[in-house]
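K.L.:
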Amino acid sequence: MSNELDKLVLIDGNSIISRAFYAIPPLTSSNGLHTNAVLGFTTMLLKVLEEEKPSHVLVAFDAGKVTFRHEGYSEYKGGRQKTPPELSEQFPLLKELLQAFSISQFELAGYEADDIIGTMARLAEEQGKTAIVVSGDKDMLQLTTDQVSVLITRKGVSEVERYTPSAIGEKYGLTPAQIIDLKGLMGDASDNIPGVPGVGEKTALKLLHEFGTVENVLANIEEIKGKLRENIESHMDDARMSKQLATIFREVPLDYSLDDVTWKGYDSAVLAGALRKLEFKNLVERLNLSGANDATEAESAEAASQYEVVRVDTVGWERLNGALATAEAVLVESSGDNPHHGEGIGLSIVSGSECFTIPYAYLASPEAASLRSWLENAEASKTCYDAHRVELILASSGIALSGQTFDVQLAAYLLDPTEADPSLQGLLQRHGLPPILSDEAVYGKGAKYRLPGDGELAKHLAAKADAIRRLKPLLSEKLEKLGMNELFYELEQPLSGVLAKMEMQGITVQTEALQDLGTEFQRRIDEITKAVYESAGFEFNIGSPRQLGEVLFERLGLPVVKKTKTGYSTDAEVLEKLEPHHEIVRLILHYRQLAKLQSTYIEGLLKEIRPETGKIHTFYKQTIAATGRLSSQFPNLQNIPIRMEEGRQIRKAFVPSEPGWVILAADYSQIELRVLAHISGDDGLKEAFLKDMDIHTKTAMDVFGVPADQVDGNMRRQAKAVNFGIVYGISDWGLSQNLNITRGEAADFIEQYYRTFPGVKRYMVTVVEEAKKNGYVTTMMQRRRLLPEINHSNFNLRSFAERTAMNTPIQGTAADIIKLAMLRMNEALLERGLRSRMLLQVHDELVFEVPQEELEAMKALVPDVMSTALKLDVPLLAEVSVGSNWYEAK
DNA sequence: TCTGTCACG
DNA sequence: ACGTACGTGACAGAC
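For the first sequence, the residue numbers in full-length UniProt numbering are 1 to 890.
1) Buried or exposed: which applies to A447, given that a residue is buried once 16 or more other Cβ atoms fall within 10 Å of its Cβ?
2) Please check the pair H340 and H617, which I expect to be a contact at CB under 8 Å, by giving their CB distance rounded to whole angstroms.
3) With a cut-off of 8 Å on the beta carbons, I'd call S423 and S438 a contact; round off their distance for me.
4) Can you look up F553 in the DSSP assignment and give me helix, strand or coil?
5) My understanding is that A441 touches E86, with C-beta atoms under 8 Å, so please give their C-beta distance in whole angstroms.
6) DSSP state of S18, grouped into three classes?
7) Output needed for G184: all residues of its chain with C-beta closer than 6 Å, excluding positions within five of it in sequence on either side, in chain order.
8) With DSSP run on the structure shown, which of helix, strand or coil describes S353?
9) With Y591 as the anchor, note down where its alpha helix (DSSP H) starts and where it stops.
10) Going by C-alpha distance, which of L151, W886 and S496 is nearest G136?
11) Using alpha carbons as the reference points, say which of G684, Y111, L371 and V408 lies closest to A327.
12) Quick one, are the C-beta atoms of residue 904 and A465 less than 7 Å apart?
13) Considering only residues of the segment 630-709, which uninterrupted alpha helix (DSSP H) runs meet the minimum length of 4 residues and lie entirely inside it, listed in chain order?
14) Can you tell me whether Y887 is helix, strand or coil according to DSSP?
15) Short check: CB of E354 to CB of E308, under 7 Å?
16) Given that a residue counts as buried once 16 or more other Cβ atoms are within 10 Å of its Cβ, and exposed if not, what is S496?
17) Short of 7 Å in beta carbon distance, which residues of its chain neighbour A458, apart from the five on each side in sequence? Order them along the chain.
18) Where Y172 and T164 are concerned, what is the direct C-alpha to C-alpha distance, given to the nearest angstrom?
19) Could you round the C-beta distance between R785 and A626 to whole angstroms and report it? I think they count as a contact, below 8 Å.
20) Helix or strand or just coil, what does DSSP make of residue 929?
21) Using only alpha-carbon positions, find the residue among C384, R643, S257 and K615 that is nearest to residue 893.
22) Give me whichever residues DSSP pairs with Y728 in a beta bridge.
23) Cα separation between R716 and I345?
24) Determine the direct distance from the alpha carbon of R122 to that of A167, and round the result to whole angstroms.
25) To test your reading of the DSSP string, which unbroken beta strand (DSSP E) runs of 3 or more residues are found completely within the segment 398-445?
26) Per the DSSP calculation, R610 is bridged to which residue(s)?
27) With a threshold of 6 Å on Cβ separation, who are the neighbours of N36 within its own chain once the five nearest residues in sequence on each side are excluded?
28) Who are the Cβ neighbours of M858 in its own chain at under 7 Å, not counting the five residues just before and after it?
29) So Q522 and Q598 are in contact, right, with Cβ under 8 Å, and what is the actual spacing, rounded?
30) Who are the near neighbours of residue 891 in its chain, counting only those whose CB is closer than 7 Å to its CB and skipping five residues on each side?
31) With G537 and Y568 assumed to form a contact (beta carbons below 8 Å), what rounded beta-carbon distance in angstroms separates them?
32) Enumerate in chain order the residues of its own chain whose CB-to-CB distance from A700 is below 6 Å, with the five nearest sequence positions on each side excluded.
33) Can you tell me which of the three DSSP states H34 falls into?
34) Is the segment 379-396 in contact with the segment 466-478, if contact means three or more CB pairs nearer than 8 Å?
35) Just list the residues that DSSP pairs S135 with in beta bridges.
36) Can you tell me where the beta strand (DSSP E) with I232 in it begins and where it stops?
Here it is, written out as C-alpha cells:
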C-alpha cells in the first residue's frame with residue numbers, strides 16, 4: 001500500500017555505469033572479466049540505499065541504439081565514441097548483480113533510461129510519493145519538483161550533489177522547467193545536440209534570465225545585438241530541435257506499476273554469492289556477509305559448469321581421445337569473414353569437467369587421427385556453433401564434418417531471426433547465462449586483430465566451447481516449446497550441409513568472357529564520360545554523388561526533386577524526373593548503369609574466380625534474413641543482373657564446369673502470390689491459380705473491371721504493382737510512389753483489389769491483429785519473427801511492424817518451400833545416383849549443371865520436386881529452362 | 001566507418 | 001498528422 005512515506009530511488013543505469021567505468025581504475029577478476037564499472041556502481045548503490053532507505057528501487061537502462069529521438073534527428077548521439085568492450089562486457093555482470101540485490105531493472109526498446117525514469121517519477125508524484133533520481137547527467141534536473149530531487153554524481157560516482165528546485169534556483173537562477181531551454185541554447189556535445197554555436201552556459205543563462213524560454217528568445221530576437229543575434233537567427237531550428245531532444249518523455253508506455261519496483265532488501269546469501277563471484281571481497285566484508293552461505297541454486301549451477309582447461313599439443317592426446325566418447329560440444333575457431341578462405345585457429349572440445357583445446361595446426365598430425373575420425377563420425381553427435389562455417393573450414397583440411405546434431409547459432413536465429421548479434425557472447429547475454437569474454441576483447445577488431453598468447457587463447461576457446469554446451473539445453477527446450485522442432489531438425493540443420501556442398505562445388509565463370517565484356521563496358525564508359533564533360537562544360541567526378549549534386553543543382557540549375565540528409569539526392573528516380581530538363585541526365589543514368597556493371601560485376605566477380613579451378617564459391621548465410629531467406633556473400637550471386645540486357649550479358653560467363661554439360665535453371669512461378677492465395681484462402685485468388693491464369697492480367701481485369709482482351713500493357717503493369725504492394729504490406733502512399741500516381745488513385749486501386757479479393761483483405765486484417773496480440777507472426781513451417789514494435793505508440797515504428805506482419809508469413813513461407821525443395825533435390829540426386837549438381841539458389845530459383853544424358857530426367861525431376869515440396873491449396877508451378885550458360889537458361 | 005546508390009528476388 | 005513499399009550485398013566516395 002502506498003503512503004506518503006514511500007520513497008522511490010530511480011537510477012539511470014547507463015549513465016552511472018559509464019561514469020563509474022571512467023572514474024574507477026581498471027580492475028579485472030581472475031577469469032579476465034573487467035569489473036571496475038560494476039564495483040563503482042555498487043559503491044554508489046550501497047551509499048544511496050543506506051542514506052535514502054527507499055521503499056522502491058528501480059534501475060533503468062537504455063535499450064538498443066535507435067530511439068524515437070533519432071526519428072526527428074538522425075544524428076542524435078552521433079559522433080559518440082563506441083562503448084569500449086571493456087565496458088559493454090560489464091552490463092551483463094551488473095544486471096546479474098542487481099538481480100542478486102533483488103532490485104528491479106527496466107528497459108524498453110525505443111526509449112532511453114531518462115524517459116523511463118521521468119515516467120516513473122511522474123507516477124510517483126501522482127501517487128503522493130517522493131522520488132530520488134540518480135544520474136550523472138544534468139538533463140535530469142528538469143524532473144526536479146518538491147517531491148522529486150535529483151542526485152548528480154561528481155568526480156567519481158559515490159559523491160553526489162543533491163538538487164531540489166530551490167538548489168537549481170540558487171545555482172542557475174532557473175526553474176527546473178528551464179533546464180531544457182538551457183540545453184536548447186547551449187547544446188550538448190556528448191549527445192551531439194547542436195544548440196546555438198557560440199552560446200555556452202554563461203550566454204545561455206543570460207538569455208534565459210532575460211527571456212525565460214527558447215521560444216521567447218526567438219520571438220524577441222530583435223532585442224539581441226551583434227554576432228550573438230546572427231548566430232541565433234541562423235540556428236533557430238537547431239535551438240528548437242535541441243530543446244525538444246533534451247526534453248525527457250514522461251509518457252513511456254510501461255507495463256509496470258510502482259508496486260513492481262518495491263524493494264524489501266536483499267537476501268544476504270544470494271548477494272554474498274554474487275559479490276564473491278565478482279571477487280568484491282571488500283564489499284562482502286563491509287556488508288558483514290562473510291558468514292552468509294552462498295550455496296544458492298545459481299551458484300551450484302555455476303560450479304557444475306566449471307571445467308579444467310586441458311591444452312593438447314605435443315601432449316595430452318590420450319586424455320583427449322578418452323574423453324571424445326562423452327564430448328558434449330565442439331568449437332572450431334577460424335579467422336576471416338569468408339570461410340572459403342578462412343584459416344583454422346584452434347579447436348576446443350568440452351567433455352564433463354574437462355575442456356580440451358587444440359591448436360589448429362595439430363589437427364593434421366598423426367596423433368590427431370582419433371580426433372579426425374570423431375569429427376567425421378556421423379554417430380558421434382556434436383553440438384556446435386555455426387556448423388556451416390565449421391564444415392567449410394574443416395573441409396579445407398580434408399575433414400568431412402559429420403554428426404553435427406545441434407547448432408546453437410542456427411537455433412538462436414530461429415528463436416529470434418532479427419537479432420543482429422549472433423556472437424556467442426550475445427547469445428549468453430540474451431538467454432540469461434553468465435558471460436564470457438567477447439571475441440573483440442580477446443582478438444581486437446579490424447586492423448588491430450591479433451591472436452593472444454597460447455594460454456589466453458586456450459582459455460578463451462575453452463570458455464566458448466563451454467558456452468555452447470550451456471546454451472544447448474536452453475535453446476533446444478525453447479525450440480521444442482514453440483513447436484519449431486521440425487523446422488530446426490528436419491529443415492534448417494540438414495540444409496546447412498546442403499548449402500556447404502553447393503558452395504564447395506562452386507560455379508564455373510569464364511574469366512575471358514568477363515574480361516571481354518569489361519573491355520566493351522569500359523569503352524562505353526569512356527565515351528559517355530567524355531560526352532558528360534562536354535555537356536557540362538567542365539570535368540568532375542561523376543561517381544561522386546556530392547560532386548554530381550553540385551553540378552546538376554547548382555551549376556546547371558536543375559530543379560531539386562528530393563534531398564538526402566547530407567545533400568541533394570541524385571538517385572535514378574530523381575534523374576528520371578530530370579531527364580527532360582537536360583541532355584546530361586540521360587548520359588549520367590547510362591554512366592551509372594555501366595559503372596555499376598563494371599565495378600561490381602566485372603571487376604568484383606573477376607576477383608572471386610579461383611585461378612586454379614576457374615570457379616566462384618559463394619557463401620550462403622543462413623542466419624541473416626529476418627524472413628528466413630538465405631543471403632549470399634563473397635560474392636553475392638543472388639543479384640547478378642537480368643532486368644537490363646546490357647547487364648544480363650554477364651550471365652553468359654556462368655557456364656557448366658564440364659564439357660558437354662548444360663545449365664538448367666528452374667524457378668517458381670509467382671510463388672509469393674500462390675502462398676498468399678493459400679494462407680488467405682481467398683477463393684478468387686485460388687481459382688486464378690487453379691486455372692493457371694496470368695495473375696497480373698487477371699488482377700487488371702478485376703481491378704479495372706474489363707474483359708481480358710481489353711487489358712492493355714499499362715493496365716497490366718499497374719496491376720502487377722498492386723500485386724507487389726499486396727505482398728509487401730500495402731499502403732496507398734507506397735503504391736502511389738511506385739506508380740507515380742496520386743495517393744487517392746492508389747487508395748482506389750487498393751480498395752478495388754480488396755473488393756475483388758475479400759479473403760486477402762481478411763488475411764491482412766487478421767494477421768496484423770494476431771501479431772498485435774501475440775507479438776510475433778509465423779510461416780507455414782512455424783518459422784517466427786518477433787515484432788516488438790507492433791503496438792508502439794510511434795506511428796512509423798508501428799506501421800513498419802504492421803507491414804512486416806503482412807509480408808513475413810508470405811516471403812517466409814516461400815523461403816520455407818524452396819528450402820524444402822533443396823533438401824528433397826539433394827536427396828533425389830543421391831538416391832538416383834545422378835551426376836547433376838545443384839549449384840545456386842536465388843530465392844525462387846535453383847540452378848543446376850547437368851550432363852547431357854541426364855537432361856531429360858532432370859527436366860522432369862526438378863520441377864516435380866519443386867512443385868511438391870509443400871502441399872498448398874493451389875498448385876505450385878516451377879518452370880525449367882536449359883542453356884549452355886546461365887544467360888541462355890532463361 | 002558511414003552514406004548513397006543500385007543490383008537481385 | 002504521420003511519411004515507407006518487403007528482403008538482401010557490394011561498391012565508390014567522403015569522412
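Built from N, CA and C at the ideal position, the CB exists for glycine as well.
P.N.:
Let me lay it out:
1) exposed
2) 5 Å
3) 7 Å
4) helix
5) 7 Å
6) helix
7) V214, A239, S242 and K243
8) coil
9) E583 to K596
10) L151
11) L371
12) Lying outside 1 to 890, the shown extent of the chain, residue 904 is not represented and no answer is given.
13) 645-648, 671-680, 683-690 and 695-704
14) coil
15) yes
16) buried
17) V309, R311 and T357
18) 12 Å
19) 6 Å
20) Within the shown structure, residues of the chain are numbered from 1 to 890, placing residue 929 beyond reach of any answer.
21) No statement about residue 893 is possible, as the shown extent of the chain runs from 1 to 890 and does not include it.
22) Looking at the DSSP assignment, Y728 forms no beta bridge with any residue, so it has no partner.
23) 56 Å
24) 20 Å
25) 404-407
26) K615
27) I24, P26 and L27
28) L664, S836, F848 and V850
29) 7 Å
30) Residue 891 lies beyond the stretch modelled for the chain, which goes from 1 to 890, so this question has no answer here.
31) So it is not a contact: roughly 19 Å between Cβ atoms.
32) V711, M715, R716 and A719
33) strand
34) yes
35) I152
36) No beta strand (DSSP E) contains I232, which is instead part of the alpha helix (DSSP H) from G226 to S234.
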